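Structure record follows, encoded as structure tokens.
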Amino acid sequence: MAKRRKKKIPLTTKCAAALLMVMVRDEHGNLVRAITHHEAQQLTDWQIISLFDFDHYPQEEQDGGPTIAWNLTPRLKPEHRKKTGADAKRRAKGRRLRAAQARHAVAMAIDRRAVPDAEEAPKANPRKRRLVAAVKQNDWRRKFKRKFNGQVVPRSTSKDLMQ
48 MAKRRKKKIP LTTKCAAALL MVMVRDEHGN LVRAITHHEA QQLTDWQIIS LFDFDHYPQE
108 EQDGGPTIAW NLTPRLKPEH RKKTGADAKR RAKGRRLRAA QARHAVAMAI DRRAVPDAEE
168 APKANPRKRR LVAAVKQNDW RRKFKRKFNG QVVPRSTSKD LMQ
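Heads up: the sequence shown is residues 48 to 210, going by the numbering used here.
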């Protein structure tokens, strides 16, 4: 007697069976099936499939994420809507930050254009700058002195002593 061929399982049935394995957290934080066995017995394959949306995760579609099996996560429709709302807020913030950064870059470019090109502008001599600061500091030290109690008083010069 010839072996009977096994009946082919339709793709919709396979997809519905896979979606029935999706787990979600309940109000206590425990993992439970998104659709219970009892509920699944009363639904058709297409009804089970219609309860889910596929979320682009971990790479979002707007960020260039592909629509391939490894980048799609099945989520119940209410959960997916909630996550999409949060994603929209996050994307809007990213757009605002990028726009602010672009405005800042434009402002900095305008500032650079107001000054001659950095390559053509004379370079400041750091030693000269330090010398000027030292002279100013020494000038202060020539005119004033600090007592041990922290009080700053004018120095007495030889001219003051002669008077």
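No residue lacks a Cβ here, since even glycine has one placed at the ideal position from N, Cα and C.
Because the structure is a prediction, the values reported are computed rather than measured.
CA nearest to the CA of residue i, picked from the options
{"i": "D73", "options": "T83, L66, A65", "result": "T83"}
{"i": "R138", "options": "Q106, R51, A156", "result": "Q106"}
{"i": "A81", "options": "P57, E108, E126", "result": "E126"}
{"i": "D110", "options": "K129, S97, E86, A135", "result": "A135"}
Own chain, CB closer than 7 Å to residue i, minus 5 neighbours either side, in chain order
{"i": "P121", "result": "L66, V69, F99, F101"}
{"i": "K192", "result": "V200, R202"}
Residues near residue i by beta carbon distance below 8 Å, same chain, minus five either side
{"i": "V79", "result": "M70, V71, R72, D73"}
{"i": "A49", "result": "none"}
{"i": "I96", "result": "T59, C62, A63, L66"}
Within 9 Å, strictly: CB atoms of residue i and residue j
{"i": "Y104", "j": "L119", "result": "yes"}
{"i": "K190", "j": "P201", "result": "yes"}
Contact set for residue i: own chain, Cβ-Cβ below 6 Å, skip 5 residues either direction
{"i": "K76", "result": "It should be noted that the sequence gives Gly, not Lys, for residue 76. Closer than 6 Å at Cβ, skipping near neighbours: no residue."}
Paired residues, beta bridge with residue i - DSSP
{"i": "N122", "result": "This sequence places Arg at residue 122; Asn is not what is there. The partner list for R122 (beta bridge, DSSP) reads D100."}
{"i": "M70", "result": "R80"}
Given 8 Å as the limit, is there contact between the region 87 to 99 and the region 56 to 65, that is, 3 or more CB pairs closer than that? yes
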